[in-house]
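Going by mature numbering (1 follows the signal peptide of the UniProt record, and there is no 0), the letters in the sequence shown line up with residues -26 to -1, 1 to 147, in that order.
Note that CB positions come from ideal geometry on N, CA and C, so glycine has one too.
What follows is a single structure, written as structure tokens, with notes after it.
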Amino acid sequence: MTTRPAAQRMAPLTLAALLLAAPLQAEPRLDLDDLRSCVETAVDLGKAPTACVDIAHAPCLEISTETPAVAGLCFTETRQEWSEAIAARMADLGKKAPERIAALAGIEVKYDLLSSLVQCDRMEELALLRELPAEEIQLQKARCTATASGLAYIRLLWRLPDPDTPLAKETDQ
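Right, here's the structure in full:
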């Protein structure tokens, strides 16, 4: 009888644990109120609020490098939340903002995302050319696409604040 190495024997158990653990992350990773506050604070300090994305991604960045699939899943789920936040913001602007402003927001977010996602594709192709491990490439791509979506959302808040916020009143002047 051949004995398998411990890591090989544990692989099915590890996979089962990951599959069972995934549904537990039912609450959102992103706190949109904290993000708004981060953007407002950065603007008040005269800084670009892009660092707010890194703050929002902190839970994914803290995942052990030994589990790139778990970190990749974290970034993938976070990207989905960014996408939902963008859609909600666009719907809100569609209801509240003048038609021209809503159209401008749509154009801005579309091209912000497209240009960033093209860079993600470029990074992926370069990583493939360098023959990096598949797990590393997948993690890099997941992180990049989450960051692209996060930056698009942050820019949407930054460039087009709600009319009743202090940020918008400063922008109007």
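Cβ distance (whole Å) where residue i is taken to contact residue j below 8 angstroms
{"i": "L113", "j": "S90", "result": "Going by Cβ atoms, the distance from L113 to S90 rounds to 17 angstroms, so no, they are not a contact pair."}
{"i": "W132", "j": "V27", "result": "Going by Cβ atoms, the distance from W132 to V27 rounds to 11 angstroms, so no, they are not a contact pair."}
Residues near residue i in its chain [Cβ-Cβ closer than 6 angstroms; skip 5 each side]
{"i": "L134", "result": "A79"}
{"i": "L67", "result": "A76 and A79"}
Cut-off 8 angstroms between Cβ atoms - residues of its own chain near residue i, not counting five sequence neighbours on either side
{"i": "Q93", "result": "C118 and A122"}
{"i": "R3", "result": "A30, P33, C34, C48, E51, T52 and E55"}
Under the three-state DSSP convention, the category residue i falls into
{"i": "E109", "result": "helix"}
{"i": "K69", "result": "helix"}
{"i": "I37", "result": "coil"}
{"i": "D86", "result": "helix"}
{"i": "K21", "result": "coil"}
{"i": "D5", "result": "coil"}
{"i": "R104", "result": "coil"}
{"i": "L134", "result": "coil"}
Proximal residues to residue i (C-beta, below 7 angstroms), its chain only, five neighbours per side dropped
{"i": "T24", "result": "L125 and I128"}
Original post:
Do the segment 39 to 52 and the segment 80 to 100 make contact, defined as three or more Cβ pairs closer than 8 angstroms?
Top reply: no
Original post:
Are there three or more Cβ pairs, one per stretch, closer than 8 angstroms when the segment 29 to 38 is compared with the segment 47 to 63?
Top reply: yes
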